[in-house]
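Below is one structure, written out as structure tokens; the observations come after it.
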Amino acid sequence: MLLQVDNLRIAFRLDKHSTVEAVRGVTFSVPRNATVALVGESGSGKSVSSLAVMGLLVPETSIIDPASRIVFDGVELLALARAERRRLCGKRIAMIFQEPMSSLNPVLTVGYQIGEVLRLHMGMTARQARARTLALLDDVGMPDPARKIDAYPGQLSGGQQQRVMIAMAIACEPALLIADEPTTALDVTIQKQIMALIARLQKERAMSVLFITHDLGLVSEIADQVIVMRHGEVREQGLVRQVLDHPADAYTRALLHCRPRLDQRPLRLPVLEDYLDGREPAAGAQRVRGYAAGDEEVLVVRKLSKSFYAREGLFGKREMRAVSDVSFTLARGKTLGVVGESGSGKTTVGLTLLRLHQASGGTAIFDGKDLIGMAARDFLPYKRRIQIVFQNPYASLNPRFTVGQILLEPMRIHRIGATDGERTAMALQLLGKVGLPAHAMRRYPHEFSGGQRQRIAIARCLTMRPEILVCDESVSALDVSVQAQVLNLLQDLQDEYRMSYIFISHDLSVVKYMADRVMVMRAGEVVEMADSDELYRNPRHPYTQALLAAIPRT
Numbered sequence: 033m034l035l036q037v038d039n040l041r042i043a044f045r046l047d048k049h050s051t052v053e054a055v056r057g058v059t060f061s062v063p064r065n066a067t068v069a070l071v072g073e074s075g076s077g078k079s080v081s082s083l084a085v086m087g088l089l090v091p092e093t094s095i096i097d098p099a100s101r102i103v104f105d106g107v108e109l110l111a112l113a114r115a116e117r118r119r120l121c122g123k124r125i126a127m128i129f130q131e132p133m134s135s136l137n138p139v140l141t142v143g144y145q146i147g148e149v150l151r152l153h154m155g156m157t158a159r160q161a162r163a164r165t166l167a168l169l170d171d172v173g174m175p176d177p178a179r180k181i182d183a184y185p186g187q188l189s190g191g192q193q194q195r196v197m198i199a200m201a202i203a204c205e206p207a208l209l210i211a212d213e214p215t216t217a218l219d220v221t222i223q224k225q226i227m228a229l230i231a232r233l234q235k236e237r238a239m240s241v242l243f244i245t246h247d248l249g250l251v252s253e254i255a256d257q258v259i260v261m262r263h264g265e266v267r268e269q270g271l272v273r274q275v276l277d278h279p280a281d282a283y284t285r286a287l288l289h290c291r292p293r294l295d296q297r298p299l300r301l302p303v304l305e306d307y308l309d310g311r312e313p314a315a316g317a318q319r320v321r322g323y324a325a326g327d328e329e330v331l332v333v334r335k336l337s338k339s340f341y342a343r344e345g346l347f348g349k350r351e352m353r354a355v356s357d358v359s360f361t362l363a364r365g366k367t368l369g370v371v372g373e374s375g376s377g378k379t380t381v382g383l384t385l386l387r388l389h390q391a392s393g394g395t396a397i398f399d400g401k402d403l404i405g406m407a408a409r410d411f412l413p414y415k416r417r418i419q420i421v422f423q424n425p426y427a428s429l430n431p432r433f434t435v436g437q438i439l440l441e442p443m444r445i446h447r448i449g450a451t452d453g454e455r456t457a458m459a460l461q462l463l464g465k466v467g468l469p470a471h472a473m474r475r476y477p478h479e480f481s482g483g484q485r486q487r488i489a490i491a492r493c494l495t496m497r498p499e500i501l502v503c504d505e506s507v508s509a510l511d512v513s514v515q516a517q518v519l520n521l522l523q524d525l526q527d528e529y530r531m532s533y534i535f536i537s538h539d540l541s542v543v544k545y546m547a548d549r550v551m552v553m554r555a556g557e558v559v560e561m562a563d564s565d566e567l568y569r570n571p572r573h574p575y576t577q578a579l580l581a582a583i584p585r586t
């Protein structure tokens with residue numbers, strides 16, 4: 033075995049007198065020249081375990097049990113001095129971190145940052161390091177490496193930033209590569225490229241890979257073995273096919289079934305509690321999707337366009353076309369899914385409809401009025417009727433407000449309810465609808481999990497009783513079990529209030545479950561639009577075919 037972790041226990045200090053145990057007796061191994069997947073949701077302890085292997089836990093705040101052992105290639109890592117550990121973990125063990133933009137230094141070029149690893153661990157000169165960096169960038173599939181070597185991280189796309197992180201990690205040809213959620217928040221096509229790149233490098237360089245993820249669909253494509261963790265403990269481990277085809281633990285079965293599938297659309301998605309309580313749901317009725325001839329059109333958009341402008345020269349400016357002549361209709365009580373890669377213009381469409389961006393052209397007819405052309409004063413009453421749930425539940429809620437203040441503020445602004453007592457009663461009712469207790473009114477956003485914050489954001493939208501809700505990647509940052517809860521909630525609300533959704537996402541499995549009609553965007557234009565089942569069954573445009581082919585298959 034290349035890596036052996038035995039009885040790993042890690043606790044974190046909360047204050048002088050109390051601690052919380054994050055990893056509880058975890059044992060696993062990584063064979064030579066193999067890929068092992070460490071799977072679990074947020075808080076499962078998988079990333080903390082990998083940071084312990086790398087020696088990146090802060091000694092002042094973390095406590096590793098003296099009985100724990102981490103043995104790498106015959107060397108007990110926990111017994112090494114800090115300097116020896118640093119030399120080993122930069123050269124023979126390397127790590128790809130989850131968020132490249134926060135892991136790369138924004139004020140240094142990517143070439144300098146990769147070269148720094150080579151100069152520090154391999155003793156190369158600046159010229160040797162630059163030549164090696166160019167070769168590494170080419171090896172990881174970076175387009176035009178001779179130009180990108182002098183680029184700053186902010187000048188690269190998310191996929192390109194992740195390629196830089198991979199080049200940095202493999203620079204010293206490590207024996208063990210730890211990849212911590214390397215494809216989170218990436219488009220499905222970029223995700224497939226990164227997965228293929230890691231698999232190729234693993235085979236070519238005979239590395240071992242510890243691949244950390246919460247998505248079992250990715251595991252089936254890259255790993256030889258899988259370890260499932262929850263609440264700091266290993267729940268199940270074994271060969272990939274054995275665990276995925278015949279999961280022994282209820283939690284593993286829940287992770288497999290909570291995620292929407294392309295071949296089924298149940299009335300409700302299973303949730304974690306269904307499996308942990310022993311109530312595994314049987315296959316039942318399927319939900320029918322699609323537009324019908326008699327559907328009432330609630331929103332008609334024609335030739336919507338949006339351009340941004342950048343300064344060029346002393347007096348000139350350059351036009352960047354983000355959305356070009358986008359047209360669609362939205363039926364009452366139905367969902368329009370909008371898919372495409374980053375930069376396709378899908379979010380810009382949603383923000384422009386809400387007039388958070390000023391449109392460059394086109395019309396959006398709602399209730400007989402053009403939302404795009406009307407004056408700002410005239411648009412105020414329509415803000416109640418069209419709301420948005422933003423992608424990031426951590427940034428979209430005011431951290432200084434309690435949940436009660438967050439829910440009451442829009443009702444006061446739009447004069448919903450006669451008194452604060454009446455508004456408070458409405459807020460409590462909405463909290464109940466989104467599955468949160470009444471005492472949440474007195475708490476602050478930071479006291480809630482990501483899924484609970486997204487429920488609060490949905491409840492805030494519902495205070496306006498909107499007719500149209502724009503969901504902008506509103507479940508992309510959530511664990512699969514929490515994602516299932518939020519999707520069920522959105523579907524319940526649509527069934528009850530006949531709300532119409534514009535559901536923007538790069539997750540095509542989720543869109544297949546939620547959408548009646550799907551609009552595919554690329555480079556600001558609509559390349560294909562069809563009812564959900566028809567588009568997934570018979571995609572016509574090559575770009576749509578490429579998107580669907582990139583979906584991970586469990």
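Each residue of the sequence shown is one higher than the one before, starting from 33 at the first, in our numbering. Note that beta-carbon positions come from the ideal geometry of N, C-alpha and C, so glycine has one too. No experiment lies behind these values; they were computed from the predicted model shown.
Would DSSP call residue i helix, strand or coil?
{"i": "T576", "result": "helix"}
{"i": "Y476", "result": "coil"}
{"i": "L188", "result": "coil"}
{"i": "P498", "result": "coil"}
{"i": "S74", "result": "coil"}
{"i": "D309", "result": "coil"}
{"i": "R179", "result": "helix"}
{"i": "V90", "result": "coil"}
{"i": "F60", "result": "strand"}
{"i": "F411", "result": "helix"}
{"i": "A582", "result": "coil"}
{"i": "Q193", "result": "helix"}
{"i": "D295", "result": "coil"}
{"i": "A282", "result": "helix"}
{"i": "A84", "result": "helix"}
{"i": "Q423", "result": "coil"}
{"i": "V466", "result": "coil"}
{"i": "G369", "result": "strand"}
{"i": "L346", "result": "coil"}
{"i": "D38", "result": "strand"}
{"i": "G382", "result": "helix"}
{"i": "R303", "result": "Arg is not the amino acid found at residue 303; the sequence shown has Val there. DSSP places V303 in coil when its eight states are reduced to three."}
When burial is assigned at 16 or more other CB atoms within 10 Å of the CB, is residue i buried or exposed?
{"i": "P431", "result": "exposed"}
{"i": "F347", "result": "exposed"}
{"i": "L218", "result": "buried"}
{"i": "R267", "result": "buried"}
{"i": "R474", "result": "exposed"}
{"i": "Y341", "result": "exposed"}
{"i": "T576", "result": "buried"}
{"i": "R455", "result": "buried"}
{"i": "V90", "result": "exposed"}
{"i": "P138", "result": "exposed"}
{"i": "L70", "result": "buried"}
{"i": "D527", "result": "exposed"}
{"i": "P574", "result": "exposed"}
{"i": "G345", "result": "exposed"}
{"i": "T245", "result": "buried"}
{"i": "Y464", "result": "A small correction: the amino acid at residue 464 is Gly; Tyr does not occupy that position in the sequence shown. It counts as exposed."}
What residues are listed by DSSP as bridge partners for residue i?
{"i": "I230", "result": "Bridge partners of I230: none, in fact."}
{"i": "T67", "result": "V241"}
{"i": "D402", "result": "I397"}
{"i": "V320", "result": "Answer by DSSP bridge pairing: none, since V320 is not bridged."}
{"i": "S339", "result": "R353"}
{"i": "M33", "result": "The partner list for M33 (beta bridge, DSSP) is empty, contrary to what the question assumes."}
{"i": "M174", "result": "None; M174 has no bridge partner."}
{"i": "T361", "result": "V332"}
{"i": "I95", "result": "A43"}
On the premise that residue j lies in contact with residue i, defined as a C-beta separation below 8 Å, what is that separation, rounded to the nearest angstrom?
{"i": "G87", "j": "L109", "result": "7 Å"}
{"i": "L579", "j": "V220", "result": "6 Å"}
{"i": "S392", "j": "S337", "result": "5 Å"}
{"i": "V518", "j": "V507", "result": "5 Å"}
{"i": "S541", "j": "P292", "result": "5 Å"}
{"i": "A161", "j": "L150", "result": "4 Å"}
{"i": "I259", "j": "T67", "result": "That belief does not hold up - the Cβ atoms of I259 and T67 are roughly 12 Å apart, past 8 Å."}
Measuring only between beta-carbons, confirm whether residue i sits less than 8 Å from chain D.
{"i": "L88", "result": "The chain inventory of the structure shown lacks chain D, comprising one protein chain alone."}
Exercise for the section: Return the chain-ordered ranges of every alpha helix (DSSP H) run that is complete within the segment 425-461 and spans a minimum of 4 residues. Expected result: 435-445
Handout entry: Completely contained beta strand (DSSP E) runs for the segment 195-256, where each covers 3 or more residues
Key = 208-212, 240-245
Exercise for the section: Output the residue ranges of the alpha helix (DSSP H) runs that lie fully inside the segment 499-569 and measure 4 residues or longer, sorted by chain position. Expected result: 512-529, 540-546, 564-569
Practice task
Quick one: which unbroken beta strand (DSSP E) runs of 3-plus residues sit fully inside the segment 110-172? Chain order, please.
Solution key: Correct list: 125-128.
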